[in-house]
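A quick write-up on the structure given underneath.
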Amino acid sequence: MSLFTRPRRTPDTAEGGADRDGDAAAAGETAGGAPAATPPGRFAWRRRWPRAARGVTVGTTVLAGALILFALLVPNRVERLGAGAFLRLPAEGILLATLLLALPPRFRRAAAVVSGVLLGLLTVTKFVDMGFYQVLARPFDWVLDWILLDDAAEFVRESFGRGGQVLAVAGVIALFVAVLVLMTLAAVRLTGLMARHRPVAVRTTLVLGVAWITCVTLGVRVAGVPVATKGTAEMLGNRVEQVRAGLRDARVFDEQASVDAFATTPPDRLLTGLRGKDVLFTFIESYGRVAIDDPAMAGPVDASLREGTRRLADAGFASRSGWLKSPVTGAGSWLAHSTFLSGLWIKNQQRYRSLTTSDRMTLTGYFRKTGDWRTVGIVPGVRRAWPEGEFFGLDHVYDSEHLGYRGPYFSWTPVPDQFSLEAFERLEHGRTDRKPIMAEIILASSHNPWSPLARMIDWDDLGDGSVFHGIKEEGTDPKEVWKDPEKVRTEYRRAIEYSLDSLTGWVERYGDENTVLVFLGDHQPVPTVTAGSTSRDVPVTIVAKDEKVMERVAGWGWSDGLKPAAGAPRWNMDEFRDRFMTAYGPSSP
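Going left to right, the sequence shown walks through residues 940 to 1528 as my numbering numbers them.
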């Protein structure tokens, strides 16, 4: 046959023709079996090094198969990674092979390309899930979580600088493109191989199908993991249901938000038990139950809470504590804050947007509605316009740019907690001839990554915060800390102690008979710290010097002191608003 005569192609040889020609060239022959001249194009090297060419061909095919199996078998949680996860028969792979073999040749290549792209997207989804499970202890929500990707990029910038952010984003984009391209090429290559060896491929697929059914029937397992799996199909089914639930949730939430027991209460009958008091609602970032219950942290944190309780008692303050269940874990502080203040379960971004664009009255909003309090927010974590401040009923908001701080950032944390509290004293609480204050205060020093950390200094030495430059230089490097989970847990514990000491120190120094403090954690820290705990509990504490204030919550059954007992009452966080307003309303003793 002439080198310039194209052989007639049968349907099954039409696909993957380049691979067939390449394999023939690797063997030093034409497709018809005659000795091949050295081709002038890209396959010239195959004629010169036939063994190497054959090795590349086989190796590429094996790699393609490994990529497809990886996409189908890799779990979407880091803790499930292991050899056992990949020693399984994926039902989806068997069905996909059957489909590709059954399609007419003219559709087969297009189906292979589509399959490769979908497998690539599946793999990317699993990678993203791994990250979400590591931070939020849940998978990525295809409908509601896109905004969190921007927050993640901002967190990287604050923690590792602009260069680290650029590298991270570029790496993610490159990985995304590479996964899609490689999975598509792998699917096309394996499809071509099956088409060229159709009888063998059909028999192999049939055998694998029978093996899968047998393993399911007999419950065969390797290292405790079922050999036959349909995990990918189940995961996708769960995601479809998640999307449907998200779409239904909007209607459910609208119905819940329309119910407000205090909507028609006259302003002069709201919060009458707190008139004349300065009421502070203070959130401590990532202050979760793990800080109190985990044996590795319980000792130092317990000592800090006991010491704080003693110092406050010496200053005349009583305190009681309980537990709240947060709607989130690992991150999503704004969802917890809005749940606590609105009396609604704000578990996702869709609900948060619906809430903040509604006329729902929050706990802070009810204080402003009475006309008897000036309502302010101390929000050092806010570094841009925050229109939600008006929704939450705040007359004035002090963000990180308006606290007078001239010191350094501590990773993500723009302002150390001790300075934020001193700024609140200087800007609002310490002013003379003022109305009573209701303040929402966010303490951010215990925000991930907890490195480097600020430390307590003499309140008189805070100045404009410049003193913290030296303190930051003494601190740890987050890149080094996060190489070791135990170091992460240690730094987290130290951060919680610092936040607690800052808050109790402020009350001891500046609190008086009109001070009423409610402080709580917003959510549990990331799974690296919780070490497998699925609890979403956070401590909540009320502190006051006026005995009448504490008497109104005596029926709550909370524990005495800053540390809630293990068996103290546990409420959902959205229950607090109505319980609090009822306790301090005119009908209470």
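Glycine included, every Cβ here is placed at the ideal spot set by N, Cα and C.
Sequence-distant residues of its chain with Cβ nearer than 8 Å to A1028 (five each side left out): The amino acid occupying residue 1028 in the given sequence is Leu; Ala does not appear at that position. Excluding positions up to five away in sequence, the list reads L1147, A1150, W1151, C1154, V1166, A1167, T1168.
Round the Cβ separation of L1366 and S1441 to the nearest angstrom and send it over; I've been treating them as touching at under 8 Å. That pair is no contact at about 17 Å.
Figure out for me which residue from V1465, G1500, K1487 has the closest Cα to the Cα of F1071. V1465
Which value, in whole angstroms, describes the spacing of the CA atoms of G1471 and Q1463? 12 Å
Using the Cβ count rule (16 or more neighbours within 10 Å means buried), how would you classify H1368? buried
Measuring alpha carbon to alpha carbon, tell me which of L1213, G1176, T1156, A1024 ends up nearest W1081. G1176
By the three-class DSSP mapping on this structure, what secondary structure does N1177 have? helix
Hey, Y1291 and S1272 are a contact pair by Cβ (cut 8 Å); roughly how many whole angstroms apart? Actually they do not touch by this definition, with Cβ atoms about 11 Å apart.
Mind checking W988: buried by the 16 CB within 10 Å criterion, or exposed? exposed
DSSP puts A1109 in a beta bridge; with which residues? Bridge partners of A1109: none, in fact.
For G1261, write down the residues that DSSP places opposite it in a beta bridge. V1479
Considering Cα atoms alone, identify which of T1143, F1094, V1164 is closest to W1021. Note that residue 1021 is Gly in the sequence shown here, rather than Trp. Checked all of T1143, F1094, V1164; the closest Cα to G1021 is V1164.
Cβ contact (3+ pairs, closer than 8 Å) linking the region 1111–1125 and the region 1034–1041: no
Under 8 Å between the Cβ atoms of V1354 and S1339? yes
Report yes if the C-beta distance between Y1431 and G1212 is below 8 Å; otherwise report no. no
contact_flag[the region 1093–1109, the region 1000–1010] where n(CB pairs < 8 Å) is 3 or more: no
For G1332, tell me which candidate among V1240, R1322, M1300 has the shortest Cα-Cα distance. M1300
Assuming S1293 contacts F1192 under a Cβ cut-off of 8 Å, what Cβ separation, rounded to an integer in Å, is found between them? 6 Å
Given a threshold of 16 other Cβ atoms within 10 Å of its Cβ, counted over all protein chains shown, does V1395 qualify as buried or as exposed? Going by the sequence as given, residue 1395 is Met instead of Val. Counting Cβ neighbours within 10 Å, M1395 comes out exposed, since fewer than 16 surround it.
Measuring only the C-alpha atoms, how far is E1379 from A1051? 56 Å
Coil, strand or helix - V1052 by DSSP: helix
Which of the three DSSP states, helix, strand or coil, is assigned to E1498? In the sequence under discussion, the amino acid at residue 1498 is Ser, which differs from the Glu named in the question. Three-state result, S1498: strand.
Evaluate the contact criterion for the region 1234–1251 versus the region 1056–1063: three or more CB pairs, one atom per stretch, below 8 Å. no
Under three-state DSSP, which class holds T1303? helix
Around the Cβ of L1209, are there at least 16 other Cβ atoms within 10 angstroms (buried) or fewer (exposed)? buried
Output the boundary residues of the alpha helix (DSSP H) element that contains W1351. Where W1351 is concerned, there is no enclosing alpha helix (DSSP H), given that its DSSP letter is neither H nor E.
Taking just the CA atoms, how far does V1455 sit from T1482? The sequence shown places Val at residue 1482, rather than the Thr named in the question. Rounded to whole angstroms, V1482 to V1455 spans 6 Å at the Cα level.
Distance, Cα to Cα, I1285 vs A1270? 13 Å
Buried versus exposed, by CB contacts within 10 Å (16 or more), M1512: buried
Inter-residue Cα distance where the pair is L1075 and N1015: 13 Å
Enumerate in chain order the residues of its own chain whose CB-to-CB distance from M921 is below 8 Å, with the five nearest sequence positions on each side excluded. Nothing about residue 921 can be reported from this structure: the residues present for the chain run from 940 to 1528 only.
Helix, strand or coil: how does DSSP classify V1118 here? helix
Taking the alpha-carbon positions, what's the A1240 to K1426 distance? In the sequence on display, residue 1240 carries Val and not Ala. If I take the Cα positions, the gap works out to 16 Å.
Suppose you measure from the CA of G1494 to the CA of L1119; what does that come to, to the nearest Å? 59 Å
In this structure, what does DSSP give as the bridge partners for M1377? V1218, T1314
Among G1328, D1403, T1429, S1350, whose alpha-carbon lies nearest the alpha-carbon of L1342? D1403
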